[in-house]
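**Q**
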Amino acid sequence: MAKNLVIVESPAKAQTIKRYLGKNYKVKASMGHLIDLPRSQMGIEIDEEFKPKYITIRGKGKTLAELKKEAKKAEKVYLAADPDREGEAICWHLRRALNVEDQENCRVIFNEITKEAVKSAFKEPREIAYDLVNAQQARRVLDRLVGYNISPILWKKVRKGLSAGRVQSVAVKLICDREKEIEKFEPEEYWSLIADLQKDGMDFEAKLQKIEGEKAKISSEENMNEILKELKNVSYIVKKVEKKERLRNPNPPFITSTLQQDAYRRLGFSARKTMRVAQQLYEGVKVSGEGHVGLITYLRTDSTRISQTALQAAKEYIESEFGKEYHPGKPRPYKGKKSAQDAHEAIRPTRFDLSPSKMQDALEKDQLRLYKLIWNRFIASQMTPAKFDTISADISAGKMEFRARGSQLKFAGFLTLYKDDQDKDELLPELKKGEELDLKELKPNQHFTQPPPRYSEASLVKTLEKEGVGRPSTYASIIENIQSKTYVVQEEKKLYPTQLGKIVVEQLEEFFPNIVDVDFTAKVEEGLDRIEEGDKDWQEFLKEFYEPFEKQLNKAEEEMKKIEIEEEKTDVECDKCGSYMVVKHGRYGKFLACPSFPDCKNTKPFVKELDVTCPKCQGKVVERKSKKGRKFLGCDNYPDCDFLTWYKPIENESCPKCNSFLVQRGRKNKYYQCSHPDCDYTIDEVLDENSKEKNSSKNTKN
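Under the numbering used here, the first residue of the sequence shown is numbered 23, with each subsequent residue one higher.
1. Give the DSSP-derived three-state secondary structure of Q334 in the structure shown.
2. Give the C-beta separation of I537 and V168 to the nearest angstrom, bearing in mind that I take them to be a contact with Cβ-Cβ under 8 Å.
3. To the nearest angstrom, how far is the alpha carbon of K421 from that of E234?
4. Could you name each continuous beta strand (DSSP E) segment of 3 residues or more that falls completely within the segment 73-133, going from the start of the chain to the end?
5. Among the residues of its own chain, which have a CB less than 6 Å from the CB of Y76, if the five just before and after it don't count?
6. Below 8 Å on the Cβ atoms is my guess for Y669 versus V685; work out the distance and round it to an integer in Å.
7. Helix, strand or coil: which one does DSSP assign to A368?
8. If we count the other Cβ atoms within 10 Å of its Cβ and call it buried at 16 or more, is N171 buried or exposed?
9. DSSP three-state call for S279: helix, strand or coil?
10. If V256 sits next to A415, beta carbons under 8 Å apart, how far is it from one beta carbon to the other, in whole angstroms?
11. Using CA atoms only, rank isn't needed, just tell me which of L522, P570, V634 and F628 is closest to W177.
12. If you follow the alpha helix (DSSP H) that C198 is part of, which residue opens it and which one closes it?
13. Use the C-beta contact count for K602: other C-beta atoms within 10 angstroms, 16 or more gives buried, fewer gives exposed.
14. Would L450 and F665 be called neighbours here (beta carbons separated by less than 7 Å)?
15. So what's Y320 in DSSP terms, helix, strand or just coil?
16. Buried or exposed, going by whether 16 or more other CB atoms sit within 10 Å of the CB of T592?
17. Could you tell me which of L632, S682 and R287 sits nearest to A480, measuring between CA atoms?
18. Mind the definition here: the segment 394-408 touches the segment 424-442 only if three or more C-beta pairs lie below 8 Å; say whether that holds.
19. Report the residue from E452, I587, Y568 and P275 whose alpha carbon sits nearest the alpha carbon of I68.
20. Grouping DSSP H, G and I as helix and E and B as strand, with all else coil, what is K265?
21. Determine the extent of the alpha helix (DSSP H) in which F144 is found, giving its start and end residues.
22. By the three-class DSSP mapping on this structure, what secondary structure does D411 have?
23. Secondary structure at K723, three-state DSSP: helix, strand or coil?
24. When you compare only the Cα positions, how much space is there between G428 and E264?
25. Quick one: what's T635 bridged to in DSSP?
26. Tell me the rounded alpha-carbon separation between A24 and E138.
27. When you compare each of F344, I500, S648 and E502 to A434 by their alpha carbons, which one comes out closest?
28. Figure out for me which residue from V163, T331, W397 and V140 has the closest Cα to the Cα of R370.
29. Candidates I131, A111, F683 and D662: which alpha carbon is nearest P671's?
30. Quick one: residues in its chain with C-beta nearer than 8 Å to the C-beta of S676, no 5 flanking neighbours on either side, listed in chain order?
31. CB-CB under 6 Å to K35, same chain, minus the five flanking residues each way: which ones, in chain order?
32. Spatial neighbours of F533 within its chain, please: C-beta separation below 7 Å, excluding the five flanking residues on both sides.
33. Among K73, K346 and I553, whose alpha-carbon lies nearest the alpha-carbon of F563?
34. Could you check whether the segment 144-151 touches the segment 494-511, counting it as contact only if at least three pairs of C-beta atoms, one from each stretch, sit closer than 8 Å?
35. For C622, which residues in the same chain have their Cβ closer than 8 Å to its Cβ, ignoring the five residues on either side in sequence?
36. Per DSSP, G351 forms a beta bridge with which residues?
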């Protein structure tokens, strides 16, 4: 019989560490928290120094009973939940439920699930870290005080079922504020001028920089026409040539927030999906001949610190795979931000003999993609910089001055492994001061200033991190919650506030201004960090928050007016009762619902009708969503007509061969194509991403 009982959170983690501990250890999984605050009530004794009322989570009684039974048989109990506040709280609850001695060294922590890390951790178990537990308790109680007090007020004054989470409310306000900026934005016209030049048969471009020695500012077509007149019959002379070598350094290894951002940008993963897949890689996957192996270090971290062992292993791997010239000779350090807790290493691979190419058969598709991203980012972070030869040339043209820039990759360095789309060669011919160039064409372009972009999941995570709102482990749940509560909807990967989201934020701004204040929320996070560090009493911290908050609650109860939210009506009749259906917002976007609910519970998908006709049957083309939430265009006569396209239609553009509408295709090199499946008409288009206008060089394929 095993002498020792080890408790972790998940079965996958249990399988992985069981391999390293031997027959004297029995490893069981708690399946996360077993004990928590009740869901049906606040569960906080405010008058008793904010004492929490913990209960066994519904449905977890059987698991807890099994662990108690195993603990009684064991000589020693080890608690090995994840190495963060949440994990420490799980262990604290288990210690009390299993009657483990208070002063006993029962807590085991490891940053990576490898044989060396696990064995080392079991040699040095420690007591429960109560400062971490208190920080987690303070956050949990604080969120209950906010959510369970403000939400009932919103139910009375706005709509039933609403919630006002402490951090999620700030996230919604950021999105609402951005929408206000976009609505108020007034575009301003400006122009740019490109000279298409040539030397020795090689074409290149130069952009107008100065007019009579001052920065070129062209605000109208009239201004541009005057400039074009002045440029008639002038010579284009090379005034100055400057050559340099430019180094581009690699990015640091991933922390939680940058992993979420890059996985979104490169792989299209949501923050929630990134964390789920990363957790699988951390806990371990089955590797042929080895059993379960943990592939990455702990995924919830704000530190770019790397262990000396990993740095040495990375150096050996780089020199072996790429050559000594690809490693700088000594480890490349990275500075973390001042607010970083620095409790764990950066996210990196744990085994350098298990490269992504060797793990193709062991990993599922999404696991492999994320593992490769983490692997490449970490290895690249320890490689030499990329070297570019750059050249800039100032070219005089009468009173005007143009500038041409070029660059050529000289040594790839880390870009061998981790390349961005921005790393492209832009070649210039050999230019010499004083020589005259041939002008092929002057290309004026009209632009308009653009409003700030709406948040994507990645840019929202970046902003929350920058402002100190929330912590790495909370970003995914924040984004999920604000969408599940329909305060925000996501369309084409952009986050839009709903009418409901705007109303809730307006009420919170008026009656609970500190709750949606970015600076105040960041200070709360700093206070929680101080509790963790042992510099602040958690109950005193809650008292300081609650006293002014209670006054705000009383004022809101008395003064907040009841708000009636008008529903968007449509001309679509309900199939069951004949009422005209209304637009509702759900977790996955808009849908149609019968206004007679709950007497009639009929719903329909929301379809947007487009101003184009089906190329097959001339029916209406509508926008639909697939089961995975991806938008596509289909015929309104489905299933009688099976027309479908995933591509965006082009307004006021039709095919000259069959008169069907055109769609835009391609990501980098965009082009237009006929929507009719039996027509091969195509037009190559070059799109100016700044002005969003066409500067087309048409190549028609008939």
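For every residue, glycine included, the Cβ atom is placed at its ideal position computed from N, Cα and C.
**A** If we stick to the structure as given:
1. Looking at Q334 - three-state DSSP - the assignment turns out to be helix.
2. 6 Å between Cβ atoms; contact.
3. 5 Å
4. Here the runs fully enclosed are 98-101.
5. Answer for Y76: I57, listed in chain order.
6. 4 Å
7. Three-state DSSP puts A368 in coil, outside helix and strand.
8. buried
9. helix
10. Not quite, the Cβ-Cβ distance comes to about 17 Å (not below 8 Å), so this is no contact.
11. L522
12. Element bounds for C198: R188 to K206.
13. For clarity, residue 602 is Tyr in the given sequence; the question names Lys instead. Label assigned to Y602: exposed.
14. no
15. coil
16. exposed
17. R287
18. yes
19. Y568
20. strand
21. K137 to K145
22. strand
23. Low confidence applies here, because K723 scores a pLDDT of 36, under 50, leaving its location unreliable; read the following figure in that light. Strand.
24. 11 Å
25. Per DSSP, K642.
26. 21 Å
27. F344
28. W397
29. F683
30. S682, F683 and L684
31. E305
32. Q574, K577, A578 and M582
33. I553
34. Counting C-beta pairs with one atom in each stretch, the segment 144-151 and the segment 494-511 have fewer than three that are closer than 8 Å, which means they do not touch.
35. Result list for C622: C596, K598, C599, S601 and C616, in chain order.
36. Bridge partners of G351: none, in fact.
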